[in-house]
Each structure stands twice: as C-alpha cells, then as structure tokens.
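Reviewing the structure listed below.
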Amino acid sequence: MSMRKISFGEAIREAIDEEMARDSRVFMIGEDIGAAGSVFKIFTGLQETYGPERIIDSPISEAGIAGIGVGAAMTGMRPIVDIMFGDFTTMVMDQMTNQAAKTHYMSGGKLKVPMVLRTTMGAGRASAAQHSQSLHVWLSHIPGMKVVVPSTPRDAKGLLKSAIRDDNPVAFFEDKTMYAWAGEVPDTEYLIPLGEAEVKREGRDITIVAISSMVHEALSAAEALAEIGVEAEVVDPRTISPLDTDLLIASARKTSRALVVDEGCQQYGVTGEIASVIADGAFYYLDAPVKRLGAMDVPVPFAPTLEGATIPDAPAIIEIAKILCGKA
Amino acid sequence: MSMRKISFGEAIREAIDEEMARDSRVFMIGEDIGAAGSVFKIFTGLQETYGPERIIDSPISEAGIAGIGVGAAMTGMRPIVDIMFGDFTTMVMDQMTNQAAKTHYMSGGKLKVPMVLRTTMGAGRASAAQHSQSLHVWLSHIPGMKVVVPSTPRDAKGLLKSAIRDDNPVAFFEDKTMYAWAGEVPDTEYLIPLGEAEVKREGRDITIVAISSMVHEALSAAEALAEIGVEAEVVDPRTISPLDTDLLIASARKTSRALVVDEGCQQYGVTGEIASVIADGAFYYLDAPVKRLGAMDVPVPFAPTLEGATIPDAPAIIEIAKILCGKA
Amino acid sequence: MAIDRNGSPAPDAEAWLELYERMFKIRCFEEKADDLYTRGHMPGIAHLYIGEEAVAVGICSVLRSDDYITSTHRGHGHCLAKGADPYRMFAELLGRSDGYCRGKGGSMHIADQETGNLGANGIVGGSTSIVAGAALSAKLRGTDQVAVAFFGDGALGQGQLYESMNMAQLWQLPVIYVCENNYYGEYTPNNLTIAGEILDRAKAFGIEAQEVDGQNVLAVQRAAQTVVERARAGQGPAFLQCTTYRYRGHHVGDVDRPYRTRDEEEHWQQNRDPLQNLKQEMADHTQVTPEVVNELETAVRTEVERTAEEALSAAAPSVSEVGLHVYA
Amino acid sequence: MAIDRNGSPAPDAEAWLELYERMFKIRCFEEKADDLYTRGHMPGIAHLYIGEEAVAVGICSVLRSDDYITSTHRGHGHCLAKGADPYRMFAELLGRSDGYCRGKGGSMHIADQETGNLGANGIVGGSTSIVAGAALSAKLRGTDQVAVAFFGDGALGQGQLYESMNMAQLWQLPVIYVCENNYYGEYTPNNLTIAGEILDRAKAFGIEAQEVDGQNVLAVQRAAQTVVERARAGQGPAFLQCTTYRYRGHHVGDVDRPYRTRDEEEHWQQNRDPLQNLKQEMADHTQVTPEVVNELETAVRTEVERTAEEALSAAAPSVSEVGLHVYA
Ligand SMILES: Cc1ncc(C[n+]2csc(CCOP(=O)(O)OP(=O)(O)O)c2C)c(N)n1
Ligand SMILES: Cc1ncc(C[n+]2csc(CCOP(=O)(O)OP(=O)(O)O)c2C)c(N)n1
Ligand SMILES: [Mg+2]
Ligand SMILES: [Mg+2]
C-alpha cells in the first residue's frame, strides 16, 4: 500500500474532511474553528469548503455546545464537538456523562448519540496548570463512552474516521504537542477499528504499554534498551475504552515483565486500570511487578525546569525497564 | 471511651453542627438544605440554629455554588458546598479541578482553598442512571484534592470534622443508602485524621479492601467465609486520596491474597488504582492475582431486578474470595 | 385547530373536547401512578404533573408528531400530551420490559422517538442545550421541525439555559423554551432563588418572550401557535413563561409539604384548575353537555385503569438484559 | 480622588498624573513582556493588555488594597493596577523563583494576596463565580470589602456568569462585574457570538448595568466610584460594560491578525488611545506641562526596563520545588 507523509494535524483534518464530504450528517462545532481554522491552525480552509453551517464557530460555551452535540446526534446528525483544550472538558462532563453516555441505555436501546468529542491533552508547552492536563481517564470510567488516544498520523486519521462513523459517543484525545509531527499514512482511504491495540515494536524481554505521545518516548527508550540487550515490546492500546485487554495480557505473558506509561496523572489514572488488568491476566507469567509511570501527581507547573520533571519520558522509562530486567 | 448509637446522617449533621459552633468561618451552601433540611432530611433545624446566612439555600446552580465556595475559601471562610447527588458533581468539575485543586500550587503556596464538597454516592434506590452514580474516582485523580469515603457513623463524623478543618479542598462522599444506618460514636469530641486506613476486621487468609458501603458487604462476606475456615481481613481506606498505601500493602503481604471492592464502575475506577498498588507492593508475597470487584460497567438501570445485578455484594465477594483461597 | 373565544374562528367544540380529554387523561394517569406508588407497586419515586396539565396539552396541541420535545423529571404529562401510550408508560414506571425503555429508564427517563419525545431528564436544565441541538439538527437537515424544551422555574438557575438561548438566537434555531413556573423548586419557594424578571432573561438575548396563564389551556395553545409558527417559518426561538402549580408534593413521597400552605394549594385547585376552566368554557360557549363530558371522563379513566392493571401483570426484564444497550 | 470635569470638584492634576503613570506603567510592562517573548526569554505565551489600560486603572483607582479583584488570561494590567510589583511579575513571566507564584503559575496565573488580587485565570469565565464567593465572604465576615470581576466579552458565553449574577443579586453581594468588551474573543469577532444586548444580560437579574467608554480613564473612574460606593454600602452588585480594544494580537504570538483590519486597529490607536486621551485632558484642563509628562514617562520606562533585566538574572526554581505546594 503506497504511503505519504503528513502531519498529525493534517491527519485529523483529512479525516474530518473526508467524512464531511461523504456524509452530510457530519458537522463540527467549536470555538475559533471557522475562519481562524482552530487555535492549532489545523482546520484552515475547512470552513470555506463546507460553509459556516457545517463548520460552526460557537461562543465560549463548552457545556452548551456539548449539549447541542447530544441533541443533534439524537436526531439524525453526526456532530463533532471541538473542545480546544482538554482542560475544558471539565465543563462538559455532565453532558457527556449524564446525557451522551447514558441515553442509549436509558432509552432501552431506542435513542442513539453518535457524536465525537474532539479535544487535546499533553503538557510541555509552558502553558501551566489549566492548559496542560491529560484528563482522558475520566470519560474512560463512564460506560457508554468510547475513548480514543492516537499516537501517530496514521492511527489518528483511521481512528477518527471510525469514531465519526461510530453510533456511540466517542471522546477523541489529541496530544497538542504532536500536531506538527509527521508520519506515514496510506494514500487510499482506510479505517482503523476502535478497540484494537497495536504492537508498535516487537520485543521479548519487557512489555511497555504506552499511550498517545508516550508511545514515542517508549520507542526511543526501546532503542536505547536494545543497545544493552533488552528487547522491549511497545504496545499502543490506541483505544482505552474499549480496551484491547487480550493483546496487552498476551504481550505481558510473553515478555513476563510490564510497564505502563501514560501522561495523565498517575493516581487513579489510566496506568492503574491497565496495570491491574495485566497484573491479573498475566499473574502466573510475571517475573516482576507490573510498574506504572504516569505524570507526577502535581498540577502542571509553568516554569519549564519544573514542568519537564512532571512528564514521563524515555530516560525514566529506561531506568524502570532496566530495574525490571535486572540490568540496573 | 463511652459511646452512643446514632445514624450516619446524624453523624454528618453533628460534625457540621459542632464545627459551625466552634468556627464562625464555617458555613454551608446548597439546594434545599435550609428550611427543608436537605432532601435526605439530615439537616432539619440546622438553619434555625445558624440562620440563613450560614445555612444558605441556593438556586439550582451547582457550578456557581462550587465557584462561590472556592472564592469564599480563598478569602478566609471555610465553606461546605452541598451537592445533592454525586451525579451532579459532573457540573462542578471545572471549579474543583481547575480552580480549587490548583490554586494553592499555581499561586506558589500563597492562596489556600479550605473547602469541603459534600455529596452522595451509591445505588440501590431505583433512582436510575442519573441519581445513582458513584463518581468519587474522578476527583481522586486530581492532585490538590483530598477525597473521603466514610463507611460508618463514627468515621463519617470524625473524618468530616477533619475535612472541614483541613486547609485543602476535600471531596466528601456519603453513600445515601447509609444515612439511616446506626452505629456507635464516641460521646466526647474526636477527630479522625485524613489519610489513615483502618482494619475493620482482622484476618489472615485474604485481604478485602472495601470502600464506603462496600465495607459492610465485605464484613458480612467475611462472616460467611469464616464459617468455611477463611479468615478475611477487611480494610477500609476511609480516605482514597491521600491513600494509606502502607497499610493496604502490609495487609496483603500478610494474607498473600487481595480483593478490592468499590461501588464505582470497575473500568478506570478506584479498584484499578488500589489493585495495582497492592499487586506492585505485595508482588513477592502474593499467592494469587489481586482481584477487583467494582460496579458492573453499565449505566445504573431503573428496574430493581436489573439494578441489583450491577452492585457488588456479599455473595459476589464470597465467590471471588473462595476462588482466591482455593475453596471453590 | 382550536382557537379560544378571544380569537377567531368561533369555539370548536370538538377540538376543545379533545384538549379536555388529553388533560383528563394526564390527571388520571398521575392519580393512578400515585396509587401504584402508595400500594408499593412502583419502585423509586415519581414527580406528578397534576395541576399543570394545560401547559403540556396546550403546547403539544400545536405540534406535529415529528416535532421534538425535551422534558424533565416531571415528565409524564409532556409524554402523554405528545402522544405516548399509557400502557407502555405504566410498564416503564413499574420497571417492566414492555416499558418504553424496557424498564431501564423509569419515570425520570421515558423517551419515545416515535412521538418526537427526546426524553424526560433527571438533570435539572439538562435538556436546555439538547433541545437547541435538536433544533440545529432540524435546520441542518432542512426540515421545518421545531423543538420545544419544557423546563421548570428551577432550571433558570442553570447556566446552560443561557448558553443555549444565546446560540438559539444567534443561529435563529426553531426552539421554544417553555418555562413551567410552578413557584417552587423541590421544597424551596422560588422567590429565594430567582432574581429579577424571568422574561427579561430571555429578552436579554433578543428572544421574544411572554407570560401565559398556564392554567388556561386555550391561552397556552394560542400563545404556542404563534411562536411555533414563527419558529417553523425560520424566524427563530421564543420563550413562554407558563405560570402553573403542582397540586401534589414535589414527588409522590412528599405528602406533608411544610414549605407551603394548604390555603395556597386550595386557592389554585378551587379557582384555577385547568380542567374546571375548560369545562366552564365549554359550558359557556359550546353545546357540549355535562353528560358528554362525564361519559368521556368515565371512558378515559376506565382505559387508564385498564392499562395500569395490564402493566402490573407485564413481565420484568430478564437479568440477562442488564448488559444490553450500553453501546449501540 | 480625581473626578473628571463633568463632575466636581475641579480637575486634580496630581490624581490625573497618577492615573497616567499607572496606565503608562502597564503599557511599558506589556511592551517589555512582548520584547522578552520575541527575544525568546519568556516561556509559553502571554496575552497583552495594551490599549485597555484605562479599564483596569480606572476601576482599581477607586478600590482599597483590601478589596478583591479576580482577573483573566489577559491579567497583567489588572495586576499592576491593583498595585503589584513589576519585578515579581516579570520574574513570574520568566518562570523564576522570585516570581509571585515562584514560577509555578506564569503569565496566566499571577495572584497577589497582599494587593487583593485573587489571581489571573486561564479559564474564560472561571472567576465569575469565584468573585461572588469573595463577596459573600466579605459579607459574612462583616467587612465592607468589595469584589471586582474583570472578564472579557467572551466570558458572556459562559453560563457560570449568569449563575453568579443571579446569586449576587439575590443576596445583594458587593460584586462589580466589569466586562472588558474589546469586540473579539481570540480570533472571532463577537457579533458572531453575542446575541441581544450585553447590558440586558445583567439587567435581567435586576442588576444595575451601564456602558462606559473604556478608553477614557476618567469616565471609567467616575462610573466605578458610584457602583463601588453602592456595593460597599451594602446596596448590591453592579455591571459595567467597558468598551475597549486590544492593540496587539490575542497573544504575543498572534502577529498577523487576519480576523480584523489594520484600519480598524489604527482608528482605535489614533483616536481612542487612553494615554493620549488623558494627556489631552491634562493639557486642556491642568497646569501639567509636557515636560513633566515626559520626565514621568522616562522614569517609569527606565524602572520597568530595570526590573525586567533584573528578573532576567533571577534564579529559576530548583527542581526540588516541583512537589511543593500541592497541598497546604
Ligand atoms: C442538576 C440538578 N440539580 C438538582 C437536582 C435535584 N432536583 C430535582 S427536581 C429539583 C427541583 C426542580 O424544580 P423546577 O425546575 O422548578 O421543577 P418542578 O419540580 O417545580 O417541576 C431539584 C433541585 C437535579 N435533579 N438536577
Ligand atoms: C473555558 C475556556 N474556553 C476557551 C478558552 C480559550 N480561550 C482563551 S482566551 C479566549 C478568548 C477570550 O475572549 P474574551 O473573554 O473576550 O477576552 P479577551 O481575550 O478578548 O481579552 C479563549 C476562547 C479558555 N481559556 N477557557
Ligand atoms: Mg418549579
Ligand atoms: Mg474580547
């Protein structure tokens, strides 16, 4: 399959462009996504193509536009609600949790809410505590929601197209530090199903489960570990709800060691769920405890010297992997 | 120490009454808490004692009153914000997460937010999906927040008094099904420090970590298990953030088996964090995988026949414990 | 289409009788629901619409079945007025699988797609943005459907309503905001919770707003007719404040009602009963005889009783259904 | 206290000069901040207040240092106007430990308890309920402090503002809502996001509201004087819409500004500059000579430059501080 290189941001844009072209029920609503093309400048020109009725600039009303998404989805549309910073999903928790995620169940399967909540995650831009959070674990706790955390342009495009076509509410988290990163995507149309993890690098000595941008930290850690004879298998869940537990457990059973890396805060975060799933499912195969590496449990500080210390990175991954593999 | 029996609701009320009498900075704001004495009827008469200025009936504005709590706490008061149903905490996540929990840190330690967010949890009343959730894991994920989940009148009173005196934002979750349950409390004033777990029943064969009302399911399960020779140790964290990891790990190391029970949904819930902490800290002592029992990952259904099936209970605990202890 | 005598054409006996029948059906349904609760057949609680029948019936009398409504915790009246089947409603109240939600929703979550009812809602104000989404959907799909939001005076406390009104007016969405002002939110009189003038809250966004006597079904119908026609013609949203009164407690269990006087209750029931009002109108201005009305009443009551008893013998959903409908 | 010439007593040269000095200091500070960013010294971004100086200075000129203000992402001007020290502000912008937040907050989170500044805020509308809490606190503590909320026109989209205004009016809280209407929210002109009349949104709650020329510091001061005195006397909240304009981009990196015309920008800078306005007033109505003004300008600019350079050589916080201040 012939490929071409595009950025993560372009991948997001292409997915939306293709789905809007193919399905008139798809529209997007959010702040500064129209003429401005979003604050991350990934949608430049999209409003010219689809008009202000389908690329809707909203007031600064996160709760309101999320609710509008729910109502539009219930009545035959496929809204994409754009929440600029993941930190602001704190304002749409009621609409997503009490309405979007529960409507299908509460109505005994009659009503559907096929909407996508697109938002961001990831620190590292000196944006301080209210513009740097990775809050993807919250909606993963809510039955009825699906939660996607792509790590590459290829996954981002294929998964977003699937999310838009999904009949359920899907929260889609984009690491804002990755928008400019380039990667290969197929030339022709493709979809990546929700709920399937992918092995990003094969290895026999340790399983490193990594999420979103942490996949790249894990991969560079794996390179360094290879030099000391440790072959790490890097597994990317890609969708954290539903979670592809089979693949995660199989990998850990094979390598007998596991480390889970995520940029959300460690306490009560994604690493806890995944680590406990592996520790249970691979219990009789493990040579060492399953370790977790989440963001430091502090609000993200502004000063870059401090901020850097809170984010999981390759060196930290290497250090833990070495200990687990008795190479420390 | 001489004791007397009071209900869980009376314990909550006594804690607030005593702290309001002792500290003029303490006040409470919420819906129908004044003349109505709360929809759970636990505050009857409190407004007569302290007046409408200190027991404030608010409009139905959860976000607004949470924000008011933050502002009042920043400026020398000690507000208690009453959010009737835990399901409605979905509306105060921004105020709690982006403001209350981060203010002290973002201000470099200058500002403090000594407020208590009181709310409920727990299903079983045929109240359906929007009035039955246990969402305590969300704020436990947020650094800067403390989260308390009492299981007895004694703990509830002592912990709430400590929460009100604490200089940090504290989320306090009361299982609404326990308000009428009676239990012993000391006659004289007492406090229970936040962050200390308690062994509610000693045992040598398996550690059952249980939260809030699940403690009582665990205790009755333990009685049944004793009859077949399995001595379960029931540990109640009481505060899930900060979490008393030492006690939990020590107990699991002693018993070599552990089960974590919580009424929040299992996926990405409290059980994941605690199970992964134990699986890691007690790894070399465990004879079996750490198991988790959370609520079924579905919205809480209305029909009692269905609802009952979603809530963890003694029979389910017994079944898992038997398997872990090779008695199945 | 019935127009009251201040309008033209002349009184339409048949139409008036139909309005009466619908209101009477709601009253019988609610009295029966109360009876089912009192006799211990209905799990949980329900919020009765008795006394407010003219609002739902007047508004829905000018709607098409493909028009949308969003409803509240006090939703039985809206549901019936929009054309729902009492049997399936009773079955839902009783948690049976013949219910509109197969027993999963209960009183507070009945939805009926066929009649355009997007659902009752347990979140006060929760549907105020959903309704704008349904209206936006209609606009994007190029239909002339309108969307009506029923909400109580308590929902005026929720910021979401203002976010919704701002966008509905900006985008000229076909939304009718129907505020059912019954002067209380739960146990709190709304002079404690509402500052300023209710109508001004809509006018501030440039939205046409008027007050209507919610006990006069003909007045409600006339007001609704105008604003619905405007909305259908693409002339944007409107706001109706319907003053009304709930005869019963906040919910079926609220029998003492210490927060209001018996005199006040009697005043409304004696002088402002929507059923008596219309009966009088018919007596004064049509040939409809008391006998005809009595016959109709007997027929309706018998039918409601029959469906209730039928629902009592309907099957409960099998436990195997608990995991169904979480995802579409 | 300066009162403009439409009022009495006669022009007070000294007071006017002081107002001028404060406004000029803000402008110098912001120009320097921009310079620090452009030269790559400042991490992250900052939102400059240039062009809007008269609003913060006019309002704060009638406040006591124990009065509270809550601020926004565009907060430098409010901070300085309330009396903050430029050195500690620059140090914070640069992420140094001498900063107001020890480098943890940065531009968007500067708070200064000593001068009653409860903090800038990265959440649009985030402080609108916090300010009501501060005002409630003052009322409960029996002080006559007032609390001023600065917020942009964009915050009119946030429902929280309406919840706050409702409660402030209900409880007659000493809150002054200062809406800085600069006609844009980020890259979107606010005619796309605001329906109806801004002032009506406050009047709807019974709150006294007026529009003020935000480029005329004397007009702002006069308006503020009246409403602050009323609030201090316990006569409740008020709302001021100050029309103004930001000369620079939304943030320091927004240099192209395709969303508005250069003509529009020039019009404001040429004809409505707050500094030029006041200079003219002084020339026309006082003995203050251009020389005096020039001397003052040089002195202020030199001082601002000096503090910035000093801040540049201040120490960054040690990494060991990252875990401090999470909990009080
Ligand atoms: C967000 C939210 N807050 C609080 C409640 C609890 N509650 C249920 S009904 C109600 C009062 C609603 O009053 P109103 O809107 O006037 O409707 P009414 O009951 O008078 O018809 C309250 C506070 C809720 N269901 N949702
Ligand atoms: C809740 C929230 N939504 C969105 C943003 C992103 N954002 C930052 S500033 C801004 C525009 C604010 O406009 P306005 O309130 O008019 O203030 P101005 O920048 O014009 O001074 C937006 C949308 C935010 N910080 N918070
Ligand atoms: Mg009401
Ligand atoms: Mg603006």
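Keeping their order, the protein sequence lines are chains A, B, C and D. The numbering of the first sequence is my numbering, which starts it at 6 and goes up by one. The numbering of the second sequence is my numbering, which starts it at 6 and goes up by one. The numbering of the third sequence is my numbering, which starts it at 321 and goes up by one. The numbering of the fourth sequence is my numbering, which starts it at 321 and goes up by one. The beta-carbon is built from N, C-alpha and C at its ideal position, and this holds for glycine as well.
Determine, for residue i, whether the minimum Cβ-Cβ distance to residues of chain A falls below 8 angstroms.
i: H361/D; result: no
i: Q433/C; result: yes
i: H645/C; result: yes
i: K599/D; result: no
Can residue i and residue j be called in contact, C-beta distance under 8 angstroms?
i: A401/C; j: C380/C; result: yes
i: G234/B; j: G277/A; result: no
i: G445/C; j: D473/C; result: no
i: V275/B; j: Y273/A; result: yes
i: A469/D; j: T435/D; result: no
i: I85/A; j: I17/A; result: no
i: G69/A; j: S457/C; result: no
i: I283/A; j: A263/A; result: yes
Is any beta-carbon of chain D found at less than 8 angstroms from that of residue i?
i: S66/A; result: yes
i: F307/A; result: yes
i: L456/C; result: no
Give a single yes or no on whether residue i has its beta carbon closer than 7 angstroms to a heavy atom of ligand 3.
i: D473/C; result: yes
Within 10 angstroms of the Cβ of residue i, are there 16 or more other Cβ atoms? Answer buried if so, exposed if not.
i: M111/B; result: buried
i: M321/C; result: Unreliable positioning characterises M321/C in this predicted model, as indicated by a pLDDT of 40, which lies under 50. The coordinate reading is nonetheless provided below. Burial call: exposed.
i: V624/D; result: buried
i: G360/D; result: exposed
i: K117/A; result: buried
i: Y369/C; result: buried
i: K352/D; result: buried
i: Y195/B; result: exposed
i: A603/C; result: exposed
Are there any heavy atoms of ligand 4 lying less than 7 angstroms away from the beta-carbon of residue i, as far as the coordinates show?
i: G274/A; result: no
i: G505/D; result: yes
i: N502/D; result: yes
Can you check whether the C-beta of residue i is within less than 8 angstroms of a C-beta belonging to chain B?
i: L512/C; result: yes
i: L438/D; result: yes
i: N173/A; result: no
i: M219/A; result: no
Under 7 angstroms: does the beta carbon of residue i sit that close to some heavy atom of ligand 1?
i: F288/A; result: no
i: V444/C; result: yes
At a Cβ threshold of 8 angstroms, is residue i touching chain C?
i: F32/A; result: yes
i: A280/B; result: no
i: K166/A; result: no
i: L337/D; result: no
Does the Cβ of residue i lie closer than 7 angstroms to at least one heavy atom of ligand 2?
i: G395/D; result: no
i: F470/D; result: no
* Take every Cβ of the segment 232-240 of chain B, pair it with every Cβ of the segment 143-153 of chain B, and state whether three or more of those distances are shorter than 8 angstroms. => no
* Count the CB pairs spanning the segment 481-491 of chain D and the segment 70-78 of chain A that are closer than 8 angstroms, and state whether there are at least three. => no
* Contact the segment 172-192 of chain B vs the segment 117-128 of chain B: 3+ CB pairs below 8 angstroms -> yes
* Could you say if the segment 28-43 of chain B and the segment 204-213 of chain B meet the contact criterion of at least three C-beta pairs nearer than 8 angstroms? => At 8 angstroms Cβ cutoff, the stretches do not touch.
* Hey, is the segment 607-621 of chain D in contact with the segment 376-394 of chain D, meaning 3+ C-beta pairs nearer than 8 angstroms? -> Two segments are said to touch when three or more pairs of C-beta atoms, one from each, lie closer than 8 angstroms; by this definition the segment 607-621 of chain D does not touch the segment 376-394 of chain D.
* To do: May I ask you to verify whether the segment 280-297 of chain B touches the segment 279-294 of chain A, counting CB pairs closer than 8 angstroms and requiring at least 3?
  => yes
* Could you tell me whether the segment 184-195 of chain A touches the segment 86-102 of chain A, using the rule of 3 or more Cβ pairs below 8 angstroms? => no
* contact_flag[the segment 413-427 of chain D, the segment 500-516 of chain D] where n(CB pairs < 8 angstroms) is 3 or more -> no
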